[in-house]
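Novice:
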Amino acid sequence: GAVVSQHPSRVICKSGTSVKIECRSLDFQATTMFWYRQFPKQSLMLMATSNEGSKATYEQGVEKDKFLINHASLTLSTLTVTSAHPEDSSFYICSAPQLGRVNEAFFGQGTRLTVV
Amino acid sequence: AQSVAQPEDQVNVAEGNPLTVKCTYSVSGNPYLFWYVQYPNRGLQFLLKYITGDNLVKGSYGFEAEFNKSQTSFHLKKPSALVSDSALYFCAVRDGDYGQNFVFGPGTRLSVLP
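As you go down the protein sequences, you meet chains A and B in turn. Counting with our numbering, you get residues 1 to 116 for the letters of the first sequence. Counting with our numbering, you get residues 1 to 114 for the letters of the second sequence.
#1: Which residue or residues does DSSP assign as beta-bridge partners of K14(A)?
#2: Taking only runs that begin and end inside the segment 14-98 of chain A, name each unbroken beta strand (DSSP E) of 3 or more residues, in chain order.
#3: For the beta strand (DSSP E) that R42(B) lies in, which residues bound it at each end?
#4: Check the Cβ-Cβ distances between V115(A) and every residue of chain B, and say whether any is below 9 Å.
#5: Counting only beta-carbon separations shorter than 9 Å, does A104(B) have a partner in chain A?
#6: What residues in the segment 70-95 of chain A have a beta carbon less than 8 Å from any beta carbon of chain B?
#7: Is the segment 28-41 of chain A touching the segment 68-75 of chain A in the sense that three or more CB pairs, one from each, lie closer than 8 Å?
#8: Assess contact between the segment 51-66 of chain B and the segment 86-94 of chain A, defined as three or more Cβ pairs (one per stretch) separated by less than 8 Å. Is contact present?
#9: Using only the alpha-carbon positions, how far apart do E63(A) and R112(A) sit?
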């Protein structure tokens, strides 16, 4: 099946610094990718939709300037958490629907971000 | 708006016994339903989906789910549970047309006891 690779799997950073998370579709092209955030023992909450060649679409309540999304190519989307704070610590997961594979999305392994 | 409910936070079952993880949904049009499993600190793994056709859908690792339109349910089942099935299970419904986002249920933690 299709593979979505997310990197890094774990990252610890200091408050005030920025962290970049990459999401790659390894064997298919994705014009759209989704970024989710998952709090402990909770479900996935959609943060934003990444669109290749255009601006990302953010869900209500998600700060655009804090969570920068760039969809540079048909196989790569990045999420940058800027000026990170401890409350940004969470599990971030990306997913990508495969072109031609209707109604199915593939998920990355997730990134555990800890801000100290 | 689409929504998904998983009424049980936790399901405990003995190894070898059948298991059921419940899911109900609400959509305005035709439901496209999915089950995913998540192991600790990992992403989601696809188990099965219902788009159209037979109401009983068979998926990975011996799991199956039955679509019930009248009850708006899509319960996940397995005839004989394994300890390795212990994980977090998410039911999801697709929100919108092709390529759009999935709406997830809150998740159910399954513990299979040896």
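Every residue, glycine too, gets a C-beta built ideally from N, C-alpha and C. Just so we're clear, the structure is a prediction, and the values are computed from it rather than from any experiment.
Specialist: Taking the coordinates as given:
#1: K14(A) pairs with nothing; no bridge assigned.
#2: DSSP runs (the beta strand (DSSP E)) wholly in the segment 14-98 of chain A: 19-25, 32-38, 44-51, 67-73, 76-81 and 90-97.
#3: Where R42(B) is concerned, there is no enclosing beta strand (DSSP E), given that its DSSP letter is neither H nor E.
#4: Under the Cβ criterion of 9 Å, V115(A) is not counted among the residues facing chain B.
#5: Residue 104(B) is actually Phe in this sequence, not Ala. Taking 9 Å as the threshold, the shortest C-beta distance from F104(B) to chain A falls below it.
#6: Of all residues in the segment 70-95 of chain A, F91, I93 and S95 have a Cβ within less than 8 Å of some Cβ in chain B.
#7: Yes, the segment 68-75 of chain A is in contact with the segment 28-41 of chain A.
#8: The answer is no - the segment 86-94 of chain A does not touch the segment 51-66 of chain B, with fewer than three Cβ pairs under 8 Å.
#9: Taking C-alpha positions only, E63(A) is separated from R112(A) by approximately 19 Å.
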